[in-house]
Structures are given as structure tokens and as C-alpha cells.
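Residues are numbered in my numbering as their position in the sequence shown, beginning at 1, plus a constant of 216.
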Amino acid sequence: MWFNLISERMYMNCTFLDAKWHHIKMGRRKSKRKPPPKKKMTGNLDTQFTCPFCNHEKSCDVKMERSRNTGIISCTVCLEEFQTPITYLSEPVDVYSDWIDACEAANQ
């Protein structure tokens, strides 16, 4: 009786494998696909931004003075200027975000 139960389960397992995985041979491992290559970042980050005071687009230029460890952002229209310390990992967008954060802190 127990033998019939075991043989029935084995038969069910084999039919399940045959129905879905008929292309897999017994004793072989399933081959793995190589992962797709990672896409590299193609675009550059902006160096010109919208001024928070006069709202002119692309009127603020960022200068990164790595020798002095300072980032300077200035508006060419309203002549507003902001200076912040930077590290070797800093980008112009970091200087702009520091300026926006300082403006929000001053308004509160």
C-alpha cells in the first residue's frame, strides 16, 4: 500500500516535470543566462541653474574652486552670490542645493 503511494507520487512528479520542463535532461544543470550589461550614465550634470531670487532660468553659474575647497554660485542677472565649502566628491548641483537650503532656512 505504501509502495503504491510512493510510486504514484513519483509518477505525478515525473508528469509534472515532463509537462513543463520537457527540455531539461536528467542529471544536467540548468544553464544560467549572463546578466545584461549595466548602462553607463551618459548625460552630464548641469552647471547653470534657475536663480531663486529673480527666477531667470540658467542665469546662475557655478564655479568649483577645488584648490580652496569652495563652491561659488552667482546669478548673472541680479548679481546674487553664494559660497559654500565643498569636498572632492562635490558637484555643481550640490552647491546649488546648498544655496536653496540656505534660502529656505533664512525664510523660516
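From the three backbone atoms N, C-alpha and C, an ideal C-beta is built for every residue, glycine too.
Would DSSP call residue i helix, strand or coil?
| i | result |
| --- | --- |
| serine 283 | coil |
| serine 247 | coil |
| proline 308 | helix |
| glutamate 296 | coil |
| cysteine 270 | coil |
Mind checking residue i: buried by the 16 CB within 10 Å criterion, or exposed?
| i | result |
| --- | --- |
| cysteine 319 | exposed |
| phenylalanine 269 | exposed |
| isoleucine 316 | exposed |
| valine 293 | exposed |
Thinking just about the alpha-carbon of each residue, which of the options is nearest to the one in residue i?
| i | options | result |
| --- | --- | --- |
| cysteine 276 | Ser247, Thr263 and Arg282 | Thr263 |
| isoleucine 288 | Lys246, Met257, Val311 and Thr266 | Val311 |
| methionine 280 | Lys246, Gln299 and Asn271 | Gln299 |
Anyone know if the C-beta pair for residue i and residue j falls short of 8 Å?
| i | j | result |
| --- | --- | --- |
| asparagine 285 | proline 308 | no |
| glutamate 297 | cysteine 267 | no |
Using DSSP bridges, identify the partner residues of residue i.
| i | result |
| --- | --- |
| aspartate 277 | Gln264 and Ser290 |
| threonine 303 | Answer by DSSP bridge pairing: none, since threonine 303 is not bridged. |
For a cutoff of 8 Å on Cβ pairs, would you count residue i as touching chain C?
| i | result |
| --- | --- |
| valine 293 | Absence of chain C from the displayed structure is noted, only one protein chain being present. |
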